[in-house]
Amino acid sequence: MEHGLIEEFLRTKGALEIVVEIGRGSASFQDVEDAVLVSSSTVATRLQDGVEKELIEITHRPTDHGTEKRYELTRVGTRVYDRIQEIDVDKTVRNLQRLQRERETDRERLIGRLNRDKLIISYEHERNPPAIPEDTIPPEEALGGFEPPPESNQKAAHRKRLEDDLVGLDEETDDESED
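Take a look at the structure:
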């Protein structure tokens, strides 16, 4: 295998992570897919590329229901993995994977909270429509020539009301979490 092919392979998205995962021991497609944060089609492509570049080999292991396809590193692939371990890239890859999973979890928690807040706000607005602030009600004599405030002012006022509503929700959530 040419050095340039290994370099080219390792520079592709997900390849390094796949070598690290398989380097830890033989792995099924599902093992690799679960460990690497790329699409399943990218995993399949990288595994095939690794086989073609003679870094990865396919083996079959008998199971209760037939055989299972497993991926292992070839001698060249093992040598690449050894170099990866020498400079602790495997630890960096695992830390990055952990951080990416934490980010995904945090994003889902945020989206869940925002969706909950949106439901609570819409429910509150249905039960208690917001009162029109006094400063937006024109005097009687001005009704004939009344022009609505510019849209930017309306949006700013709307955002402020939403933020005020969210502050109340945060306080309620804090009170509930202390119980």
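One point on numbering: in the numbering used here, the residue at position 46 of the sequence shown is 93, and numbering is uninterrupted.
Where a beta carbon is used, it is the ideal one built from N, C-alpha and C, also for glycine.
Just to confirm before moving on: does the CB-CB distance between residue i and residue j stay below 8 Å?
i, j, result
"isoleucine 158", "leucine 209", "no"
"glutamate 99", "threonine 121", "no"
"leucine 3", "tyrosine 118", "The chain is shown from 48 up to 226; residue 3 falls before or after that span and cannot be answered."
"glycine 124", "valine 67", "no"
"serine 75", "glutamate 115", "yes"
"glycine 51", "valine 90", "no"
Please report the distance separating the alpha-carbon of residue i from that of residue j.
i, j, result
"aspartate 81", "arginine 174", "45 Å"
"arginine 71", "glutamine 132", "10 Å"
"arginine 161", "leucine 84", "The sequence given here has leucine at residue 161, not arginine. Distance between the alpha carbons of leucine 161 and leucine 84: 25 Å."
"threonine 53", "glutamate 64", "According to the sequence shown, residue 53 is isoleucine rather than threonine. Taking the straight line from one Cα to the other gives about 14 Å."
"alanine 203", "proline 197", "10 Å"
"leucine 143", "glutamate 155", "18 Å"
"glutamine 77", "arginine 130", "25 Å"
"valine 79", "serine 199", "51 Å"
"aspartate 164", "threonine 92", "41 Å"
"phenylalanine 56", "glycine 113", "32 Å"
"arginine 58", "arginine 148", "22 Å"
"threonine 106", "leucine 166", "52 Å"
"aspartate 153", "arginine 141", "18 Å"
"threonine 139", "glutamine 201", "49 Å"
"lysine 207", "isoleucine 134", "52 Å"
"arginine 150", "threonine 110", "36 Å"
Taking the beta carbon of residue i as the centre, do at least 16 other beta carbons fall within 10 Å, making it buried, or is it exposed?
i, result
"glycine 97", "buried"
"leucine 146", "exposed"
"aspartate 137", "buried"
"isoleucine 69", "buried"
Of the choices the options, whose alpha-carbon is the least far from that of residue i?
i, options, result
"arginine 108", "Arg154, Asp135, Ile53, Ser73", "Ser73"
"histidine 172", "Thr59, Val140, Asp211, Glu64", "Asp211"
"arginine 176", "His205, Lys138, Arg154", "Note on residue identity: the sequence assigns proline, not arginine, to residue 176. Looking at the Cα atoms, His205 is the closest of the given residues."
"glutamate 101", "Arg126, Gly113, Val140", "Arg126"
With a cut-off of 8 Å, does the C-beta of residue i fall near any C-beta of chain D?
i, result
"glutamate 210", "Looking at the structure shown, chain D is missing, and only one protein chain is on hand."
Item to check | beta strand (DSSP E) segments (min. 3 residues) lying fully within the region 69-117 | outcome: Those beta strand (DSSP E) runs which fall completely within the region 69-117 and span 3+ residues are 103-110.
Next on the checklist: Suppose only complete runs of 4+ residues qualify. What are the alpha helix (DSSP H) ranges in the region 116-149, listed by chain order?
Outcome noted: 122-133, all fully within the region 116-149.
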